[in-house]
Each structure stands twice: as structure tokens, then as C-alpha cells.
Amino acid sequence: MASVTYDHVTKKFGETTAINDLNIAIEDKEFLVLVGPSGCGKSTALRCLAGLEEITSGRILIGSRDVSNVAPKDRDIAMVFQSYALYPHMSVYDNMAFGLKLRKTPKSEIDRRVKQAAETLGIGHLLGRKPKQLSGGQRQRVAVGRAIVREPAVFLFDEPLSNLDAKLRVQTRAEISKLHQRLQTTFIYVTHDQVEAMTMASRIAVLKDGVLQQLDSPQNLYDLPTNVFVAGFIGSPAMNFFDARLNRGNGKLVVDAGTFSVTVPENKAGPYQPHAGQNVILGIRPEDIHDPNYSPPGIHQALVSARVEMTELMGNEVFLYLTTGDKNYTARVDPRSQARIGRDIQVAMNVDNMQLFDKGTELAIR
Amino acid sequence: MALVQPPEPIHLSARLPARAEPEQVPAVMRQKPLTPWLYLLPALIVMTVFIVYPGLSTAYLSLRDKSGGAWAGTRCVAGQPCWGLFENYRYALTSPIMRQSFINNLTWILVMVTGTVVLGLLIATLADRVRYEALAKAIIFLPMAISFVGAGVIWRFVYEYRATGEQIGLLNAVVVALGGQPVAWMTVPFVNTLAIILVGIWIWTGFCMTVLAAALKGVPGEILEAARVDGATEWQLFAGIIVPMILPTITVVITTMIINVLKVFDLVYVMTGGNFGTEVIANRMYTEQYTNFDTGRAAAIAVVLIIVIVPAMVFNIRRFREQEAIR
């Protein structure tokens, strides 16, 4: 159990900067997810913490100890790899016991820990098998078991679910969350899957091009994205963006997106005032675009004409792929909607939940 | 070990004919009983002419006398030990020179196989961690490109000793530079065998290194990283993870080298001609046949050599098949 601190960490591979001045303070017992598109530096950040990569500058602390120049084996961490990285010539039992044997843990203690971990993970009956004889899901459990028996201060997960099929992934996701609850240890988890990040994390760090974009709780990340990248990355289908201009008319602020315009509600207008007359980016999530017949009561809505290019019925909802002018966007509407391909319809945008971003800096205006 | 389980027998004979009626197959496609033999014929001819006949002939000659004119028993000398029909084998198995050869071949196996495999593994592991890996490996592999006779000649210069005049041997140059007296390396028993084995190691290390390096590349990086995080030192990583993981390849390299070393001939022939206590089985066979013109003894030695090699060969082929099956 320990906190983890990235203190101005930079990692360069030759001329390429993989991580640029990363600062994250991870609290003890926290479940932190590092998320971002491939090549954003999230895995590198994790590997730096594990000691598998040397950092170019800055410091990494585990607890209050500076581990920047400490060998992986002395960092008191355990890691679950994407490929699981099980030792193919060893049985499941020996795979799990390997780290403890190297640490000269007494045999009886090794046996107790391995059996207990195996029991917890439901792999007790597999202890005599070789990794080759296991299914993907079972291998994944062994990899987690190998980390658990070490009882480390920090658990590191590098995309541990990406080799599982969709159903098993959802199931294992929940199990890892439960494991975190039970072990009460710091978990640091890397994924490119924003759904994994949203469902498991106590906090999420979004990275892009080696730079930390936002570090916040899943809900805040979703509701109050700090910039256009985070707004577009978190949420599926992704947030719709419209190039627009913030105009002042009749004492009210109006977002003019060219083919349509929406009036800013009084309660949101405050922070937007200084930006009046400037170009902005209007962001609105698909679930905030409704079929007017079924839009929830009591919201400020703006009606926009649109043509339906495509529909996808999901059962509990319908995705509409819409065009207004030459702008394509997505709506997630009530399944009773009568919208059909090729029809011109009216959609209701919930302006209470709209986001405005500065056109130049792409930062949220708040 | 069968990877593919034989299918369960299906008992449908009540409803289906056991096999297709011959009439249903067009005449051109009908296979006569001789047809499979036709396909096998070219291989059978080659095998018979170049393997089976010489093999049987050798076995036969090993039971005949010096020129093959009479049975070996006629060579027996009254009052001396005699194995009758197997008189040539008495020579091949009990004569002092052949005993010397067996001991030398054993020395060759122990020193050269250990030397090449250990050095090959060491160099492969170390080269894996440097930037100029390709260059280092190319240099180590280079001697493989030289013929054994060529290598023997080169190294004879290194070990050269002259009773009179200027010493031109590299090794003696070093010894003299260090204040010692020049030594006739190729005439000192056991030292000369070790000196020739060193040449063998120089040649064959590249082969072992290349095969082992390929196996090393097959060890996934994440497994090594997992072991490092698990707490392994680099040595524990090597002994506990890398070596067990490439053990099948190491075994194949060892048996291949044993076979190579058992057959060793050229180096000994070129460097000492088997004199001064450096005799080996293959060179003795050559000497009996082409110097002493004793076909019987040469053939008996050949048979003994084959019998010694076969177990290593069988083991190697089995291992190879197992490896193929895993793939």
C-alpha cells in the first residue's frame, strides 16, 4: 500500500518524447487508469513506474521513496502484462510462486499464499497445469494471481483485458474492480478503452502525445472535459463538434453554427460573456440530441432541422446519423422515434449540457 | 506422441457400402497395387545404391581379411587372442591405437561440445544486448566459412615449432616474448589434442551461437520483463527463465555437436596425421584403408563408428520431431 507520484517525469527515446513533464499524484488505495489513444505514452508511463524504462528527467516516488534509479525487483510492485507473460516451462503453481521463491519466502508461506490466491481467482484446480494448457481467460487469471501473491505496494496493469473476447472482458473488468475493493491497494491500470477506464477507475488520467490532458473522476471527465480532445475521447459514440461563433443579440448570447443557432441559457452565460464575438467550438453529446417528441421535460432545447443519413437500432435506443448543411453528427434518441433514413426531421439539442471550447486553444470555456 | 487423435470408428456399414465400388472410379484414376512403388522408386534406387549397398558391403568387408579375399578368422595368429570371424573387431575394439582413439574421441566430445555450446550460448546472450550485434555475430561465425583443412593449415602456423632457425609460430612467439622456451606443441601428448580441439571450437562456436541466438530471439521480451519485476537478477533470469525456455534447442545443438565431433577427421589429419597420441576413430579408419590398405580393419572401424553415432542420431531426430509437433 503506497501512494505513487510522477514528479515532472519526462521520457525520451532518442529524439522522440514519449512522456512530457508528467505530474500525477496517485493516492494510496486509489484505482488510477491511464487512458489515451495508441502512442500517447500511457504504457511508457507505466513501464517507467515499473522500472522497465529509465526516465530521462524528473522523479518517480512510491510512498515517500524516490525509486527513479531503483531496479524493478526492488520497487515493491507487481505487474500484469498484456500478453500475460507467463513462464511457459513452469506450472501454474510455479508461475505464481516464482517471485516469492526469489525472495526466499518460506515454503509454507509460499504454499499458503499461492493456494489462497488461486482459490480467490477460481484457478485452484489448474495449479498443476502448464500455461499452454490454459484458455486465454485462465491465463489472464494466473497472471493476476502471480501479482497478488507478491502482496506488493502497487499493482500495475498494462492492457490486461485486450486479449480477451468481449464477454469475458466485461466479466473480468468487474472482477478486477472487486479485487481492488478487497485488496485495498493502489492499482494503476493502462488501457486504450475508455469504457474500461470509466467503469473501473476512481480517477482517470487522459494522455495525448505524452502530455497529461486531464486528471479527474470519471463523472467529471465526462461532464466537464477540459478540452476538445478529452471531450471527444471519453464517451461513445463520441461528442459532436460544430465550428461556431458566439454572438450577442437581444442581450442574450447566441451560438451561431452557420446552419443553425442555439441560445445560451441565462444560467450558463456568465463565463461565456468575455468570449462574445469570438469563434468557438460547440460540443454536444449524442444523448443530448433528442427526438422532440420524446425529449425529457424541463430542459432548454434548441430545435434544429436535420436529414437522417443512417439509423442503427440498439434496442433500448436508436443511433441517428444526421446531416445539417454539410456537417455530420450523431444522435442517440428514444427507440420510439419515427426517424427513418432519408427523411428530414427536427431534432432537439439540450443546450443545458452543451460545451463551448475556445477555437484557438481548444480549451473548455468555463 | 500423436497430436492428431485417430477419428472414432464409424459404424455405418449397415447403411453404406464399406468402400466405393471399383466400377464407380474412372479407369484412368484407378490405382493399381504397384502404383505407390512407382512413386517410391527413384528414392529407393538412390538409397539402395548410395546407402544400403555400401552399408551392407562395409558390414561384409568387416568380416573379411585385409584384402577381402578370405574370412577374417584366417588372420588369427596361433597363440594370440582370436575373435574368429570378428577378428577385425578385436582390433577395432581392443588394440592400443584404437583405445587411444576412443579416449581421444571422448576428450573431443567432453571438451569441444562443452566449449562450443557454452561459448555459443554466452556469445549469443551477450551479443543480444549490444548495438553491434550483427557485426559481432558475423565475426564469430566467419570460421564456419573456412574449410576444415584450411583451418587446420592456418592453425598449424599458430602452433608451428622449428627445431632450428627462427620460430615462426604465433603461440611460440608469445611464449618466447614472455621469456619462455619454444615448445613443439603438436608433439606433446594431450596438449596437442587440446590444441586441435581448440581449432574445432574456433570453427564450430559460430554454428552453436547462431542456432542458440535464434532460440533466444524467440523468448518474448515481456516474459523477461515479468521475471525482472518478479524479482529476478540477470543471472537468475538467465538460469531460471532463458535456459529452461531454450532447453530443447540446446539439446539439439548438443547432440548435433556430439555427432560432428565423433566424426572428426580433417583437423587431426591435417595437423598431426593422428601421430603423437592424437589419433581419433575416423582418422584411424582412413589410415587403415589408405595407408595400410587393410580393408577389413577399416570396415570394422567404420561399423563401430556408426554404432556409436546412431543413438545420438536417433535422439536428435526424436527431439526434432517433438519440436516440429509443438509448432
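Taken in order, these protein sequences are the chains called L and F. Residue numbers 1 to 366, in my numbering, belong to the letters of the first sequence in order. Residue numbers 1001 to 1327, in my numbering, belong to the letters of the second sequence in order. Glycine included, C-beta positions come from ideal geometry on N, C-alpha and C.
Proximity to L/His300 across L/Val154, L/Val351, L/Arg173 peaks at L/Val351, based on C-alpha coordinates. Contacts with chain F at 9 Å (Cβ-Cβ) do not include L/Phe31.
Closest in alpha carbon position to L/Asp334, among L/Ser305, L/Arg307, L/Glu287, is L/Glu287. Within the region 97–118 of chain L, contact with chain F at the beta-carbon level (separation under 8 Å) is assigned to Phe98, Gly99, Leu102, Arg103. In terms of Cβ geometry, L/Ile77 and L/Phe155 form a close pair [threshold 9 Å]. For L/Tyr6, the enclosing beta strand (DSSP E) starts and ends at 4–13. Contact between L/Gly298 and L/Phe357 does not hold, since their C-beta atoms are separated by about 26 Å, which reaches or exceeds 8 Å.
Identification of residues in the region 52–85 of chain L having a C-beta nearer than 7 Å to some C-beta of chain F yields Leu52, Pro72, Lys73, Ile77, Ala78, Met79, Phe81, Ser83, Ala85, given in sequence order. Not one beta carbon of chain F lies nearer than 9 Å to the beta carbon of L/Ala2. Sequence-distant partners of L/Asp7 (beyond 5 residues in either direction) whose C-beta falls short of 6 Å from its own C-beta, in its chain, are Gly58, Arg59. Within chain F, the C-beta atoms nearer than 7 Å to that of L/Pro88 come from Met1245, in chain order. Between the region 339–348 of chain L and the region 227–243 of chain L, the count of C-beta pairs closer than 8 Å stays below three; the two stretches do not touch.
Per DSSP, reduced to three states, the secondary structure at L/Leu224 is coil, with no helix or strand assignment. Under DSSP, L/Asn328 shares a beta bridge with L/Thr323. The C-beta of F/Met1047 has fewer than 16 other C-beta atoms within 10 Å across all chains shown, which makes the residue exposed. In this structure, the CA atom of L/Met200 is about 32 Å from the CA atom of L/Ala348. When Cβ-Cβ separations below 9 Å define contact, L/Arg139 makes no contact with chain F.
Taking all protein chains shown into account, L/Gln213 has 16 or more neighbouring C-beta atoms within 10 Å of its C-beta and is therefore buried. With fewer than 16 other Cβ atoms inside 10 Å of its own Cβ, L/His125 counts as exposed. For F/Phe1102, the enclosing alpha helix (DSSP H) begins and ends at 1096–1108.
Around F/Met1285, the same chain offers Ala1298, Ile1301, Ala1302 as residues with beta carbons nearer than 6 Å, after the five sequence neighbours per side are excluded. F/Phe1086 and F/Ala1072 do touch by the CB rule: their CB atoms are close to 7 Å apart, below 8 Å. Linking L/Glu54 to F/Ala1151 through their CA atoms gives a straight-line distance of about 46 Å. DSSP places L/Tyr189 inside the beta strand (DSSP E), whose first and last residues are 186–191. L/Ala205 is not a Cβ neighbour of L/Leu49, given a cutoff of 9 Å.
Interface flag for L/Ala18 against chain F is unset, since no Cβ pair is found closer than 9 Å. Taking a contact as a CB-CB distance under 8 Å, the pair L/Ile62 and L/Arg75 counts as one, their CB atoms being some 6 Å apart. For L/Asp94, the enclosing alpha helix (DSSP H) begins and ends at 92–102.
For F/Asp1230, the nearest CB of chain L lies under 9 Å from its own CB, placing it at the interface with that chain. Look at L/Ala18 here: in three-state DSSP terms it is strand. Residue contact check for F/Ile1254 against chain L: no CB pair falls below 9 Å. Here DSSP, grouped into helix, strand and coil, assigns L/Asp352 to helix. By the neighbour-count definition (other C-beta atoms within 10 Å, threshold 16), F/Leu1110 is an exposed residue.
Proximity of the region 1224–1243 of chain F to the region 1097–1107 of chain F falls short of the contact definition, fewer than three beta-carbon pairs being nearer than 8 Å. Nearest in C-alpha terms to F/Trp1204, of all of F/Phe1320, F/Ile1140, F/Leu1061, is F/Ile1140. Annotation for L/Val254: the continuous beta strand (DSSP E) segment containing it runs 252–256.
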